[in-house]
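Trainee: Below you will find the structure I want to go over with you.
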């Protein structure tokens, strides 16, 4: 039964953690694409920016959380979301809006966003330094060990406090986004603009407002993803940059322009990654006796080594682009 | 078929309009006067500037010379969303619905600027287009061409326009649907909405027109009541196929 606990810890929980982060990131990417029709490469560094804001605020007021019993970083998250949303709107005004006004091709916007990403990353590095820093400045990271209700089960299921917050906040964010897009007037206008921008304008929808709202949502979600990731591990200025590829893979797997597809895509890529690096030897070992004698299991039986994890989303991305470029949910072709 | 104005001031008054995409003119001096209770129909050969004129009225392209007045106020070169606020509705010929939004959501988008009116206007639009009632939760992209045209017109009506611009509302529809659409156009007009539409099916359209504008090469060739144009042998010979 220890093997089961091992599987749950290393695949179910680890996959859900990565999947949630990819999903929240991919929703932002897909929303920006559906409104502005370009792949926003600076999205990952907006995530880092959000996490950095939390780090700054938490360092400035480390004791706030202790009084209520939640990590200070979580209390600072809404403020960081607001700041990141402002940053996103500001970046749009300063860089993307002039490009749009010139009516440039999408690829120019993409390269522009690449410039923004380098700038943002440099700026964050300038102030944060290059090392890792924990977002748990004054609090302790709780670790929960749940024993499996089986006889002989000694290895517990291990889940940390930030992981629980991660699942809860992901769920809340997804439900809130669903309600916003389907119930609110502004959310419907956003879907309308994604469907047909000219007709949206002919209906009296102010497309500039929708663009700004999109940045606010994308920025807020980016701050959530970056912060939750940094809470789970540690904050580093290049932390989310390496998530750029899997996040885009998730958005494309789900079908670009589909927020629900992005969620599904996030979990597909997240679980594919964890399953690919999982050591299957652990699960097969109990059945060693029933194998023929000539077959001895290698001690490490993973599809790829952990250090090659990044090839998994890359492989998924290439495969999807070759065989099903519209993604699972029939999105747009990037 | 009245040509007597309901009010002394025309609803739409376009004077000597020159315009097109950028500085290239497609319209070379078009004049159009339409009163609030009238159906105006623009007909003419391909490339005459019919749709261009409609788009110029709705601010979708540049008016380089001349003026367009809505209820006496100059509106040329105002952006479309401001024209919607001033009571103009526009139904493009193609891509005139939001395909992934439900029929009801499509209609709601039409009343985007007047959210307090949504409920009342929904009822009214469903009255004009009863087939939409049972399709209201279906994505508009799944509807047939005729039903989609109804959604498109309904969406424009939701803003309670005083002037509705229709760009070839019967293009690609079967004769059965064509008559139904013309029938609805008359009803909408009777409810107090001025209508200006471009049509390929010139004879049928002129039959319901209070005013007909025959354009050729970006200029007015004939302007009269629909009935008079239909009866005019010159118009019939050159523009209505004999």
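Protein chains in written order, with full-length UniProt numbering: chain A, 1 to 334; chain B, 1 to 242. Note that the Cβ used here is the ideal one computed from N, Cα and C, for glycine as well.
Does DSSP put residue 2 (chain B) in a helix, a strand or coil?
Mentor: Here the question's residue 2 (chain B) lines up with position 2 in the second chain. Unreliable positioning characterises residue 2 (chain B) in this predicted model, as indicated by a pLDDT of 47, which lies under 50. The coordinate reading is nonetheless provided below. Here residue 2 (chain B) sits in coil by DSSP.
Trainee: DSSP on residue 109 (chain B), reduced to helix/strand/coil?
Mentor: Residue 109 (chain B) sits at position 109 when you count from the first residue of the second chain. Residue 109 (chain B) falls in the helix class under three-state DSSP.
Trainee: Round the Cβ separation of residue 52 (chain B) and residue 20 (chain B) to the nearest angstrom and send it over; I've been treating them as touching at under 8 Å.
Mentor: In the second chain, counting from the first residue as 1, residue 52 (chain B) sits at position 52. In the second chain, counting from the first residue as 1, residue 20 (chain B) sits at position 20. About 6 Å separates the two Cβ atoms, so the contact holds.
Trainee: Closer than 9 Å between beta carbons: that is the criterion. Which residues of the region 72-92 of chain B meet it against chain A?
Mentor: So the close ones are 79, 80, 81, 82, 83, 84, 85, 89, 90, 91 and 92.
Trainee: Given 8 Å as the limit, is there contact between the region 93-108 of chain B and the region 191-198 of chain A, that is, 3 or more CB pairs closer than that?
Mentor: A contact exists between the region 93-108 of chain B and the region 191-198 of chain A.
Trainee: With a threshold of 8 Å, are at least 3 pairs of Cβ atoms found where one atom belongs to the region 21-34 of chain B and the other to the region 307-320 of chain A?
Mentor: Contact fails: fewer than three Cβ-Cβ distances are below 8 Å.
Trainee: Helix, strand or coil: which one does DSSP assign to residue 73 (chain B)?
Mentor: In the second chain, the residue the question calls residue 73 (chain B) occupies position 73. Three-state DSSP puts residue 73 (chain B) in a strand.
Trainee: Where does the unbroken beta strand (DSSP E) through residue 27 (chain A) begin, and where does it stop?
Mentor: As a working note, residue 27 (chain A) is residue 27 in the first chain. Not the beta strand (DSSP E): residue 27 (chain A) falls in the alpha helix (DSSP H), residues 14-36.
Trainee: Buried or exposed for residue 139 (chain A), please, with buried defined as at least 16 other CB atoms from any protein chain shown within 10 angstroms of its CB.
Mentor: If you number the first chain from 1, residue 139 (chain A) lands on position 139. Buried, since its Cβ has 16 or more Cβ neighbours within 10 Å.
Trainee: In whole angstroms, give me the CA-to-CA distance for residue 50 (chain A) and residue 224 (chain A).
Mentor: For this step, residue 50 (chain A) is matched to residue 50 along the first chain. For this step, residue 224 (chain A) is matched to residue 224 along the first chain. Distance between the alpha carbons of residue 50 (chain A) and residue 224 (chain A) is about 7 Å.
Trainee: Any chance the region 258-265 of chain A sits against the region 283-294 of chain A, with 3 or more Cβ pairs inside 8 Å?
Mentor: Contact between the region 258-265 of chain A and the region 283-294 of chain A is absent, because fewer than three Cβ pairs lie under 8 Å.
Trainee: How many Å lie between residue 257 (chain A) and residue 90 (chain A) at the Cα?
Mentor: The residue labelled residue 257 (chain A) in the question sits at position 257 within the first chain. The residue labelled residue 90 (chain A) in the question sits at position 90 within the first chain. If I take the Cα positions, the gap works out to 23 Å.
Trainee: Taking the C-alpha atoms as reference points, what is the distance between residue 45 (chain B) and residue 139 (chain B)?
Mentor: As a working note, residue 45 (chain B) is residue 45 in the second chain. As a working note, residue 139 (chain B) is residue 139 in the second chain. Approximately 35 Å between the Cα atoms of the pair.
Trainee: So, does the region 231-239 of chain A touch the region 100-120 of chain A, judging by three or more C-beta pairs under 8 Å?
Mentor: In short, these stretches do not touch, since the Cβ pair count stays below three.
Trainee: Mind listing the chain A neighbours of residue 155 (chain B)? Cutoff is C-beta to C-beta under 7 Å, in chain order.
Mentor: Residue numbering aside, residue 155 (chain B) sits at position 155 when the second chain is read from its first letter. Neighbours of residue 155 (chain B) on chain A, chain order: 203.
Trainee: Would you tell me roughly how many angstroms separate the C-alpha atoms of residue 9 (chain A) and residue 151 (chain B), rounded to the nearest one?
Mentor: Residue mapping note: residue 9 (chain A) aligns to position 9 of the first chain, counting from 1. Residue mapping note: residue 151 (chain B) aligns to position 151 of the second chain, counting from 1. Answer to the nearest angstrom: the Cα atoms are 52 Å apart.
Trainee: Contact criterion: CB-CB distance below 8 Å. Does residue 2 (chain B) meet it with respect to chain A?
Mentor: As a working note, residue 2 (chain B) is residue 2 in the second chain. Summary for residue 2 (chain B): the model assigns pLDDT 47, below 50, so the residue's position carries little reliability; its value from the coordinates is reported in the next sentence. Chain A contact via Cβ: absent.
Trainee: Quick check on this structure: which residue in A:208, A:29, A:52 and A:6 has the alpha carbon closest to the alpha carbon of residue 186 (chain A)?
Mentor: Locating residue 186 (chain A) in the first chain gives position 186, counting from the first residue. The residue with the shortest Cα to Cα distance from residue 186 (chain A) is A:208.
Trainee: What's the C-alpha gap between residue 3 (chain A) and residue 159 (chain A)?
Mentor: Counting from one through the first chain, the residue named residue 3 (chain A) turns up at place 3. Counting from one through the first chain, the residue named residue 159 (chain A) turns up at place 159. Residue 3 (chain A) and residue 159 (chain A): Cα-Cα distance of roughly 16 Å.
Trainee: Check residue 247 (chain B) in the structure and name its three-state DSSP category.
Mentor: Limits of chain B in this structure are 1 at one end and 242 at the other, which puts residue 247 (chain B) out of reach.
Trainee: Using the Cα positions of residue 76 (chain A) and residue 118 (chain B), report the straight-line distance between them to the nearest angstrom.
Mentor: In the first chain, counting from the first residue as 1, residue 76 (chain A) sits at position 76. In the second chain, counting from the first residue as 1, residue 118 (chain B) sits at position 118. Cα to Cα, residue 76 (chain A) sits roughly 39 Å from residue 118 (chain B).
Trainee: Taking only beta carbons into account, state which residues of the region 222-236 of chain B come closer than 7 Å to chain A, listed in chain order.
Mentor: Going along the region 222-236 of chain B in chain order, one finds no residue with a Cβ nearer than 7 Å to chain A.
Trainee: Taking 8 Å as the threshold, find out whether the region 115-135 of chain B comes into contact with the region 173-192 of chain B through three or more Cβ pairs.
Mentor: Yes, they touch.
Trainee: Considering only the beta carbon of each residue, do residue 171 (chain B) and residue 91 (chain B) sit closer than 8 Å?
Mentor: Here residue 171 (chain B) refers to the residue found at position 171 when the second chain is read from its first residue. Here residue 91 (chain B) refers to the residue found at position 91 when the second chain is read from its first residue. Taking 8 Å as the Cβ cut-off, residue 171 (chain B) and residue 91 (chain B) do not qualify as a contacting pair.
Trainee: With DSSP as the reference, label residue 64 (chain A) as helix, strand or coil.
Mentor: The sequence position of residue 64 (chain A) within the first chain is 64, counting from 1. Note: residue 64 (chain A) maps to coil in three-state DSSP.
Trainee: Counting only beta-carbon atoms, is residue 206 (chain A) nearer than 8 Å to chain B?
Mentor: Start at 1 with the first residue of the first chain, and residue 206 (chain A) comes out as number 206. Answer yes: the Cβ-Cβ gap between residue 206 (chain A) and chain B drops below 8 Å somewhere.
Trainee: What are the start and end residues of the alpha helix (DSSP H) that includes residue 270 (chain A)?
Mentor: For this step, residue 270 (chain A) is matched to residue 270 along the first chain. 259-277 is the extent of the alpha helix (DSSP H) around residue 270 (chain A).
Trainee: Do three or more CB pairs link the region 159-177 of chain B to the region 104-118 of chain B at distances below 8 Å?
Mentor: Cβ pair count under 8 Å is three or more, so yes.
Trainee: Does the beta-carbon of residue 120 (chain B) have 16 or more other beta-carbons within 10 angstroms, so that it is buried, or is it exposed?
Mentor: Counting from one through the second chain, the residue named residue 120 (chain B) turns up at place 120. Flag for residue 120 (chain B) reads exposed.
Trainee: Residue 15 (chain A) and residue 271 (chain A) - do their beta-carbons sit closer together than 8 Å?
Mentor: Here residue 271 (chain A) refers to the residue found at position 271 of the first chain. Here residue 15 (chain A) refers to the residue found at position 15 of the first chain. In contact: residue 271 (chain A) and residue 15 (chain A) (Cβ atoms closer than 8 Å).
Trainee: Look at the Cβ atom of residue 137 (chain A), then the Cβ atom of residue 227 (chain A), and state whether they are nearer than 8 Å.
Mentor: Against the first chain, residue 137 (chain A) aligns to sequence position 137. Against the first chain, residue 227 (chain A) aligns to sequence position 227. No, the Cβ-Cβ distance between residue 137 (chain A) and residue 227 (chain A) is not below 8 Å.
Trainee: I want to verify the contact list: residues of chain B whose CB lies under 9 Å from the CB of residue 85 (chain A), in sequence order.
Mentor: Within the first chain, the letter at position 85 stands for residue 85 (chain A). In chain order: nothing, as chain B lies at least about 23 Å away.
Trainee: Are the beta-carbon atoms belonging to residue 229 (chain B) and residue 222 (chain B) less than 8 Å from one another?
Mentor: As a working note, residue 229 (chain B) is residue 229 in the second chain. As a working note, residue 222 (chain B) is residue 222 in the second chain. It is a contact, given that the beta carbons lie within the stated cut-off.
Trainee: Do residue 211 (chain A) and residue 36 (chain A) have their CB atoms nearer than 8 Å?
Mentor: One-based indexing of the first chain puts residue 211 (chain A) at position 211. One-based indexing of the first chain puts residue 36 (chain A) at position 36. Yes.
Trainee: Which residue comes first and which comes last in the alpha helix (DSSP H) that contains residue 144 (chain A)?
Mentor: In the first chain, the residue the question calls residue 144 (chain A) occupies position 144. Element bounds for residue 144 (chain A): not the alpha helix (DSSP H) but the beta strand (DSSP E), 143-146.
Trainee: Which whole-angstrom value is the C-beta distance of residue 251 (chain A) and residue 29 (chain A), which I expect to be below 8 Å?
Mentor: Position 251 of the first chain, counted from the start, is the residue given in the question as residue 251 (chain A). Position 29 of the first chain, counted from the start, is the residue given in the question as residue 29 (chain A). Yes, residue 251 (chain A) and residue 29 (chain A) are in contact; Cβ-Cβ is about 5 Å, under 8 Å.
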